[in-house]
Amino acid sequence: MRRMSGGIIAAGEGSRLRAAGFDCLKPLLPVSGRPLIAYTIGNLLSCDLEPVSLIFSEAAAGCEAKIRSLFPEADFRVTIRTTPSSLESFREVLRLSPEGPVVVTTVDCFCPPKVFRKFIDFARERMEHCDEPPVVLGVTRTFDDEKPLWVRRVRGDAAGRIAEISDEAGDAVTAGLYVIPEAVKRYAPPAGTSRLRNYLKWLVKEGTPMCSVELEEVIDVDRAEDVAAAEALALRSKTVC
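The sequence shown maps to residues 112 to 352 in our numbering.
Okay, here's the thing in structure tokens:
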């Protein structure tokens, strides 16, 4: 199996956080005194997921210098581009990544290193032992999201195989963590597909193998209350440094 690399989507506007009074770029949002993106990069590096491919919007171009100063030895592949959609940002990270499976996370997916390691260990096992390596999603049943993306898993399946992804209902929701095998990186979405959630729905309907890892503690940092929850989780997990 080729080694897995890492990827981060950090091209969002962070409009809700700005409306709540957080006057900074979302990747640099302080969480217990440390930029949000530093936790994300730290998780990837701790699992030997390099190079790390990142996309920043043009408004957040200054974030590149910041991450390079925080992690001077890391191997980053960075593109600065304001994209029209979440799917285009996702596919840009896939294009930047080297050959082999890539672990893609959104910058606002906050989880402790132990939880992230659980996800990666499962994904590596799947990549190594499956004849057709699956897409692997991090999912959770603990969430506070106005528009969650639901997954329905095959009941009793040890690998957490996903039978359906929808906007309506399921037994867990996606958490912003994805492992994409090399073969799937080359799949072109149907014309008119602009949202990442619709691309994931399409993959399942097309019969692409997809499985999941349930994560006990993960936070989508999108609002003021999410920042407070992430800081509390960081303290509980002893991730503050």
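Think of the CB as a built atom: it goes at the ideal place given N, C-alpha and C, for glycine as much as any other residue. Note that this is a predicted model, so its numbers are computed, not measured.
Check                                                                                                           : Outcome
Buried versus exposed call for Leu-165 [16 or more other C-beta atoms within 10 Å across all chains shown]      : buried
CA-to-CA distance, Ser-116 to Pro-245, given in whole angstroms                                                 : 16 Å
Residue environment, Pro-183, which counts as buried when at least 16 other CB atoms sit within 10 Å            : exposed
Through-space distance from Cys-322 to Ala-274, alpha-carbon basis                                              : 9 Å
Residues near Ala-341 in its chain [Cβ-Cβ closer than 6 Å; skip 5 each side]                                    : Val-142, Phe-221, Ile-330, Val-332
DSSP state of Met-115 mapped onto helix, strand, coil                                                           : coil
Lys-137, buried or exposed, once every other Cβ within 10 Å from all chains shown has been counted against 16   : buried
8 Å contact criterion, which Val-250 and Thr-285 should meet: CB distance rounded                               : 6 Å
Identified DSSP bridge partners for Thr-217                                                                     : Ile-120
Sheet register partners of Cys-322 (DSSP bridge)                                                                : Val-247
Same chain, Cβ closer than 8 Å to Ala-283, five either side skipped, listed in chain order                      : Val-250, Thr-251, Arg-252, Trp-261, Val-262, Arg-264, Ser-323, Glu-325
Reduced DSSP category for Arg-264 - H, G, I as helix; E, B as strand; rest coil                                 : strand
Buried versus exposed call for Asp-337 [16 or more other C-beta atoms within 10 Å across all chains shown]      : buried
DSSP bridge partner residues for Ala-283 (one or two, in chain order)                                           : Val-262
Top-ranked residue by Cα proximity to Gly-153, from Val-247, Ala-176, Arg-202, Leu-181                          : Leu-181
Pro-223 versus Trp-313: straight-line alpha-carbon distance, rounded                                            : 30 Å
For Thr-304, three-class secondary structure by DSSP                                                            : coil
Per-residue DSSP class, three states only, for Glu-257                                                          : coil
Leu-346 burial status per 10 Å Cβ neighbour count (16 or more: buried)                                          : exposed
Ranges of the alpha helix (DSSP H) found wholly within the stretch 140 to 201, counting only runs of at least 4 : 147 to 157, 174 to 181
Integer Cβ distance of Val-290 from Val-204, believed to fall under 8 Å                                         : The pair is not a contact, with the Cβ atoms about 13 Å apart (cut-off 8 Å).
Collapsed DSSP secondary structure at Tyr-289 in the structure displayed                                        : strand
Supposed contact pair Phe-187 and Val-226 - C-beta distance, whole angstroms, cut 8 Å                           : About 24 Å separates the two Cβ atoms, so there is no contact after all.
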